[in-house]
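Working notes, beginning with the structure itself.
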Amino acid sequence: AAEDGTALVMTVLAFALPVLAFLLVVVVLGLLIWLVLRARRWMRSRRRPQPG
1 AAEDGTALVM TVLAFALPVL AFLLVVVVLG LLIWLVLRAR RWMRSRRRPQ PG
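Take the numbering used here: the final residue in the sequence shown is number 52, and no numbers are missing along the way.
Here you go:
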């Protein structure tokens, strides 16, 4: 029973770890793209010519 449980855990980890890593990469890339777009918009609004 213990060996079956260990095999089940190893199987779940073998499937779950790549999925979790993929989700982590997607989240990080999404945050980076969001920050870049927000920074570009912020820079564009800041580049407005000041009066005088």
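Even glycine gets a Cβ: it sits at the ideal position worked out from N, Cα and C.
Residue i versus residue j - alpha carbon distance
i: M43; j: L20; result: 34 Å
i: R41; j: T6; result: 51 Å
i: L32; j: V9; result: 33 Å
i: R38; j: S45; result: 11 Å
i: L24; j: D4; result: 29 Å
i: F15; j: R47; result: 49 Å
i: V26; j: T11; result: 23 Å
Closer than 7 Å: residue i CB and nearest the ligand ZN heavy atom
i: A14; result: Inclusion of the ligand ZN in the displayed structure is not the case, the ligand content being empty and no account of it being possible.
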